[in-house]
Amino acid sequence: MADRPEADIPTDIPPFARPLAPYIRTRQEALRIRQALTYYLRSQIDFAEDDSENPNCHFQSHLTLCVPQDAVVNVKRIPAELTGLRKEYLQALQANLAARKEYHSLTEKVASAKERTKSSKNESPSVDHSSELQTYLRLLRDRRRHAKLQVFQHYLQELKERDSSISERIGDRGSQGQQIVSLEETEEEHKPTGRDADDGIEGLVHKLERAVIRAKAQLDRERNLLDGLKSQLASDGTDVPPAVKVAALQRTRDELVQWVEEKLVSVGNADDAPVQDLSSEEIEESTRLLEDQKAEIAAQYVAYVEARKRLLDAASRACQPVTMPSTKPSRQSVDLGKLAIGDRSSLDPLEVLSFTSENLLPLSKAQRALALQKNYLSGLLAKERSTTLRILNRLSDESHLLPEYPLLTHQPRFKHISSRHATSATGLPKPDEVVTLAESWAFASEAAATNEHQYVEERLVEGQEAATDAEHVLQEVYNMLNQDLEETLRDPQSSEDDSNDIWASEARSTWSRTRATRSQKQPRGPWAKLNGQLGITQ
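Residue numbers 1 to 538, in UniProt numbering, belong to the letters of the sequence shown in order.
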């Protein structure tokens, strides 16, 4: 569309729209293009023929494309070469037709169903639907009440369990009295009345709700009492003397010893009774199992002792100082070795274990911490590296610098050099992808900066040359007009500064007097040389 002859381009275009002149159309051309596109789009659609006198009324109207309610009947097969908004419009129109067809079919089905129901109502005798509806509503109401009762029963059971545990822990008589009073109140409130008995299920539900609220309040009261008792015990424990604590601990120990003895006696009696009833085969089987267990325990103990010995040997070897080997062994070194062997044999395992727990265990913990830190840092670096690569790749796709200023090794004509360099540097590690992308960006930015600097320098040189030429031309023009260019270009500010200086002002006055005398001798103005001697020097 942009390849138009210059004769077809309108001339009354503003200067700012000149670059868009190939794309600007007149109203007639735009109307013709719009009509052609509309005609092509209508050729893909089948319209309704509902008017016998004017069968193509829908086809000729442009409103059928804007609001295709009943005018469009079918959409032909969409051509493969059709793209853009026209293809989307035809697809949407197909979906609209399918939806309207489905809507009409459903409407017809609903209408036929309504007609059938009306005919069946007219034919069948009248049925009391109100009684059936009331029965169904009562059933739904009973189901809802049953669900509520189940929930209330569940929470009541939980509250009973909590109350039992709290009542066992608290031995305060006052709290027991409050519980008795609250229970009496609940019993009095739970006494059935004639009105509640008449209410039926609704009355039971109301009673259950009240019972739940009362149980919750009682639970809160018991919790407050428990907290007060705990705080009282804590405050009393701080003031208890040591003698009382010792006596209490001794009594507790005696109670525990007595309880353990009773349990052992009961267990012994329980074990003796069944043994008398066991047969000889069962006794032999139990004896054999006991011997097997003893042998297994002995083997495990031997393995434990061996492992402990190996651990102690390793710890003792780790505790020994590192000795540098000497080239000439002497008698003194032999004696020192014997002493070291004697000391090694005399090491205490407890000292070795203490050394291990004091030195080796902190080292192992530090090593584990360093390993965790290393894994964390490696994961963090890998994440940041992937983020950097994604950002650089996205910027390389969006940037204009990299295609304009690629690296020399990335250009096709330098592929043989890069391949030769790769074959010669096979032993070197492969460069990182981030480094490669960063080098490409650095080279592109440096090349762009160099190119811009060269462009600015060229434009500065051209500007200086143009300024020099303009100055020469201006001097020639002033010479032709018989005027002084220096006086015109003189800065008034510099003249004021010179007036402040005495010597500069005197020199200025002398120069101005000589200049004035010279100007008095020579005529001034553009008409001074129109005396028949224009361009002739004396």
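From the three backbone atoms N, C-alpha and C, an ideal C-beta is built for every residue, glycine too.
Reduced DSSP secondary structure (H/G/I, E/B, other) of residue i
i           : result
residue 482 : coil
residue 391 : helix
residue 24  : coil
residue 326 : In this predicted model, residue 326 has a pLDDT of only 47, less than 50, meaning its place in the structure is not dependable enough to derive any value.
residue 143 : helix
residue 399 : coil
residue 317 : helix
residue 407 : coil
residue 297 : helix
residue 161 : helix
residue 490 : coil
residue 306 : helix
residue 84  : coil
residue 12  : coil
residue 431 : coil
residue 242 : helix
residue 279 : coil
residue 340 : Confidence at residue 340 is low in this model, with a pLDDT of 48, below 50, so the placement of that residue is unreliable and no value is reported for it.
Contacting residues, own chain, Cβ-Cβ under 7 Å from residue i (five flanking each side not counted)
i           : result
residue 445 : 401
residue 20  : none
residue 325 : Any reading at residue 325 must be qualified, since the residue scores a pLDDT of 48, below 50, and its modelled position is unreliable; no value is offered.
residue 480 : none
residue 137 : none
Chain B contact for residue i (CB, 8 Å cutoff)
i          : result
residue 21 : Judged by its chain identifiers, the structure shown contains no chain B, having just a single protein chain.
Option nearest residue i by Cα separation, candidates the options
i           : options            : result
residue 146 : 202, 164, 216, 243 : 202
residue 354 : 394, 388, 311      : 311
residue 152 : 27, 212, 38, 91    : 212
residue 395 : 383, 437, 472, 309 : 437
residue 40  : 150, 90, 28, 464   : 90
residue 356 : 316, 368, 376      : 316
residue 207 : 156, 473, 249, 224 : 156
residue 441 : 393, 231, 464      : 393
residue 407 : 390, 439, 435      : 439
residue 313 : 351, 104, 292, 108 : 351
residue 443 : 465, 456, 403      : 403
residue 85  : 249, 37, 266, 228  : 37
residue 82  : 115, 96, 44, 97    : 44
residue 209 : 154, 113, 455, 385 : 154
Cβ distance (whole Å) where residue i is taken to contact residue j below 8 Å
i           : j           : result
residue 73  : residue 93  : Not a contact, Cβ separation roughly 11 Å.
residue 222 : residue 142 : With a Cβ gap of about 36 Å, residue 222 and residue 142 do not count as contacting.
residue 159 : residue 256 : No, residue 159 and residue 256 are not in contact; Cβ-Cβ is about 34 Å, not under 8 Å.
residue 449 : residue 405 : Incorrect: roughly 10 Å between the Cβ atoms, too far for contact.
residue 110 : residue 148 : Incorrect: roughly 39 Å between the Cβ atoms, too far for contact.
residue 433 : residue 372 : Their Cβ separation, rounded to whole angstroms, is 28 Å, which puts residue 433 and residue 372 out of contact at 8 Å.
residue 33  : residue 24  : With a Cβ gap of about 13 Å, residue 33 and residue 24 do not count as contacting.
Residues bridged to residue i (per DSSP)
i          : result
residue 75 : 45
6 Å Cβ shell around residue i - same chain, five flanking residues per side excluded
i           : result
residue 193 : For residue 193, the predicted structure reports a pLDDT of 47, less than 50, and the residue's modelled location is therefore unreliable. A value from the coordinates is still provided. So no residue of the chain qualifies.
residue 366 : none
8 Å Cβ shell around residue i - same chain, five flanking residues per side excluded
i           : result
residue 87  : 78
residue 478 : 484, 485, 488
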